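Read through the structure below, which is laid out as structure tokens, and then see the notes.
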Amino acid sequence: MSINLPISENAPLAATTHGFEYVNLELIKPEPEALALAPGDFAVKHRVLPLALDGETLVVAIGSPDALQSADDLGVLTGRPVHPVLADPQLIKDKIDEFFLQKLLQGLAGDDESTTIEEVSDLTDLTRMADDSQVVGMVNAIFAQAVRDRASDIHIEPYEREVKVRYRIDGMLHEMMRPPKRLHNAIVSRLKILGEMNIAERRLPQDGRIKLNLGGRSIDVRVSIVPTTFGERAVMRILDKTTAMLSLEELGFGSDVLERYRKLITIPYGIILATGPTGAGKSTTLYASLQEIYSPSTNILTIEDPVEYQVPGISQIQVRSNIGLTFANGLRSFLRQDPDVIMVGEIRDHETGEIAIHAALTGHVVFSTLHT
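Read in the working numbering, the sequence shown has 786 at position 247, and its numbers run on one by one without any break.
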């Protein structure tokens with residue numbers, strides 16, 4: 540190469556074995572001219588990062604030799620020869636996310652500001668703005684980034700002069716971006732449309748549910764919107780069906796703990812509680828446990844709020860407090876359904892706890908969670 544890239548001498552074995560140069564992405568900023576050549580969806584999907592132009596040749600960073608075909612495909616798309624170099628896969632992901640999100644935000648911030656969305660109250664205008672291609676792209680980018688980062692929750696928080704988007708990752712909230720304040724209502728309205736909520740209602744809390752398909756992955760999103768002093772605040776819980784339905788082996792138990800837990804969940808009666816903060820994996824653990832003990836000779840019933848994942852062979856009920864179907868009432872009815880195993884999504888009150896304990900003492904296995 541005739542250009543000067545920070546080639547690392549401490550290359551991993553994969554680079555030296557296959558004859559690739561290894562680039563330290565912490566020491567380089569990709570050239571805008573090179574980045575602009577790559578279709579954003581292709582770069583995100585295949586994790587190929589254009590770094591620079593060396594004459595007519597496009598220098599591309601890939602995470603492993605297995606991605607060489609993707610680099611060649613990018614060459615076909617751009618009509619240029621490519622020179623692949625290896626780089627740290629996580630840094631490639633970070634650079635791709637950073638560039639494409641920044642590009643989207645810059646495009647939004649550069650729009651004509653003659654219409655102030657914060658002042659719009661007409662339902663037709665709100666719907667039109669929520670369907671604007673750039674607002675749609677913004678919301679899609681927020682979801683895609685959250686799924687890639689394995690976030691459990693997305694927070695969209697309005698303040699007096701700004702809007703923050705934060706993701707909860709491994710139990711901690713991280714600020715990810717600050718969309719233009721004037722777009723806040725349009726973003727929330729877009730979420731309301733997707734979640735089949737009342738787009739005109741901005742005085743009362745609303746809940747909804749969104750179904751997404753991202754890269755072949757089926758994603759459910761629970762949406763909660765509440766009014767605050769500076770606008771509506773939205774929090775979305777991400778329910779990734781491809782990651783939630785894990786087996787017990789995939790939960791990270793040590794071999795001795797796994798053996799003891801397997802014995803525990805096969806007891807003839809009793810109660811098993813999973814405790815922890817939001818996003819700790821309580822529901823994931825219970826779903827894995829139910830899959831482990833399910834058999835055609837077992838009657839398993841669950842009552843949840845909401846039913847997060849459909850489990851084959853198990854009867855699941857959604858709590859509907861507005862018509863009187865609470866955890867306590869549903870659990871009481873379960874006792875007349877000849878159950879072997881009962882799962883209660885969460886013990887939230889004294890009555891539900893009492894009935895759960897009674898069920899556990901009368902020949903049933905009860906699984907539930909406590910928020911701590």
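Ideal Cβ placement from N, Cα and C applies to all residues, glycine included.
Bear in mind the structure is a predicted one, so any value in this text is a computation, not a measurement.
Residue i - containing alpha helix (DSSP H), residue span
i	result
residue 692	Where residue 692 is concerned, there is no enclosing alpha helix (DSSP H), although the beta strand (DSSP E) it sits in stretches over 692 to 697.
residue 533	The chain is shown only over 540 to 911; residue 533 falls outside these bounds and no answer can be derived.
residue 847	No alpha helix (DSSP H) contains residue 847, which DSSP labels as neither H nor E.
residue 901	That residue, residue 901, is in no alpha helix (DSSP H); it is neither H nor E in DSSP.
residue 614	607 to 617
Between the CA atoms of residue j and residue i - distance to the nearest angstrom
i	j	result
residue 906	residue 860	21 angstroms
residue 746	residue 624	47 angstroms
residue 849	residue 855	8 angstroms
residue 832	residue 765	39 angstroms
residue 902	residue 805	13 angstroms
residue 720	residue 674	13 angstroms
residue 630	residue 706	19 angstroms
residue 808	residue 886	18 angstroms
residue 819	residue 584	28 angstroms
residue 748	residue 863	21 angstroms
residue 731	residue 761	11 angstroms
residue 740	residue 612	47 angstroms
residue 652	residue 896	Low confidence applies here, because residue 652 scores a pLDDT of 43, under 50, leaving its location unreliable and the question unanswered by this model.
residue 615	residue 567	25 angstroms
residue 725	residue 709	29 angstroms
residue 621	residue 569	15 angstroms
residue 698	residue 737	23 angstroms
Extent of the continuous beta strand (DSSP E) to which residue i belongs
i	result
residue 906	904 to 910
residue 824	Note, residue 824: premise wrong, no beta strand (DSSP E); alpha helix (DSSP H) at 821 to 832.
residue 882	880 to 883
residue 809	809 to 815
residue 843	839 to 843
residue 623	621 to 625
residue 601	596 to 601
Three-state class that DSSP yields for residue i in the structure shown
i	result
residue 561	strand
residue 870	helix
residue 587	coil
residue 727	helix
residue 779	strand
residue 861	helix
residue 856	strand
residue 771	strand
residue 574	helix
residue 891	helix
residue 806	coil
residue 764	strand
residue 688	coil
residue 877	coil
- Three or more C-beta pairs below 8 angstroms linking the region 783 to 797 and the region 871 to 886: no
- Cβ pair count under 8 angstroms reaching 3, the region 763 to 779 against the region 836 to 843: no
- Jot down the residue ranges of each uninterrupted alpha helix (DSSP H) in the region 704 to 761, minimum 4 residues, whole runs only, in chain order. 723 to 733
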